[in-house]
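Asker:
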Amino acid sequence: FARDLIWKPVQDVWAVLVEDCALDSEPPLRATNQHIPAGRLTKVEAPHTLSYEWLHDGKPAGHVHWTITSDPKLGVRAELTQSIPTELAEFRATALAAWHVHMELFFAAVHGDIRCPWPKERVEELTKHYS
155 FARDLIWKPV QDVWAVLVED CALDSEPPLR ATNQHIPAGR LTKVEAPHTL
205 SYEWLHDGKP AGHVHWTITS DPKLGVRAEL TQSIPTELAE FRATALAAWH
255 VHMELFFAAV HGDIRCPWPK ERVEELTKHY S
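According to the working numbering, the sequence shown is numbered sequentially starting from 155.
Take a look at the structure:
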């Protein structure tokens, strides 16, 4: 997923993503969601890159990767990718739905609109769409 964040400074977007977390072994809460269990943090290059393992049945199954880029003509963009192994292909629709909602909430948060609780109905609707 990629989301244009308009003209917010990269450092401000990064601050929303990491929420002043230590970034030593676990990913920050705002970079994760309950549908994709987070594992250990694997890469941090503030304020542009954050990567971590995601878990399936308690074991690393792939990576989640956040990238925040800035272009003087195009503005700031947040990109999110998750690798899913072939043997977990049935999980793809749920993951897509969860990250779709996550990016909607992240965009709102970057603009000062913190939305709680997590919209379960929206995830269910999008899971059907992605299926």
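Beta carbons: idealized from backbone N, C-alpha and C, even for Gly. Only a predicted model underlies this, so the values are computations on that prediction, with no experimental measurement involved.
How long is the line joining the alpha carbons of Ser205 and Trp220, rounded to whole angstroms?
Answerer: Distance between the alpha carbons of Ser205 and Trp220 is about 6 Å.
Asker: Along the chain, where does the beta strand (DSSP E) that runs through His202 open and close?
Answerer: Unbroken run through His202: none, as it is neither H nor E.
Asker: Within the continuous beta strand (DSSP E) that includes Arg231, where are the two ends?
Answerer: Unbroken beta strand (DSSP E) run through Arg231: 229-236.
Asker: Go ahead and pull the three-state DSSP assignment for Asp158.
Answerer: Three-state result, Asp158: strand.
Asker: Among residues of its own chain, excluding the 5 on either side of Tyr284, which ones have a beta-carbon nearer than 6 Å to its beta-carbon?
Answerer: Correct list, in chain order: Ala247, Leu250, Ala251.
Asker: Starting from Thr130, trace the alpha helix (DSSP H) in both directions and tell me its first and last residue.
Answerer: With the chain represented from 155 up to 285, any question about residue 130 goes unanswered, as that position is not in the structure.
Asker: Just tell me which of Ala176, Gln236, Asp225, Asp267 has its CA closest to the CA of Asn187.
Answerer: Closest option to Asn187, Cα to Cα, is Gln236.
Asker: Quick one: grab the DSSP three-state call for Arg184.
Answerer: It is helical.
Asker: For His274 and Glu199, I'd like the C-alpha separation in whole angstroms.
Answerer: Per the sequence presented here, residue 274 reads as Lys, with His not at that position. Whole-angstrom Cα-Cα distance: 32 Å.
Asker: Quick one: is Leu195 buried, meaning 16 or more other Cβ sit within 10 Å of its Cβ, or exposed?
Answerer: Leu195 comes out buried.
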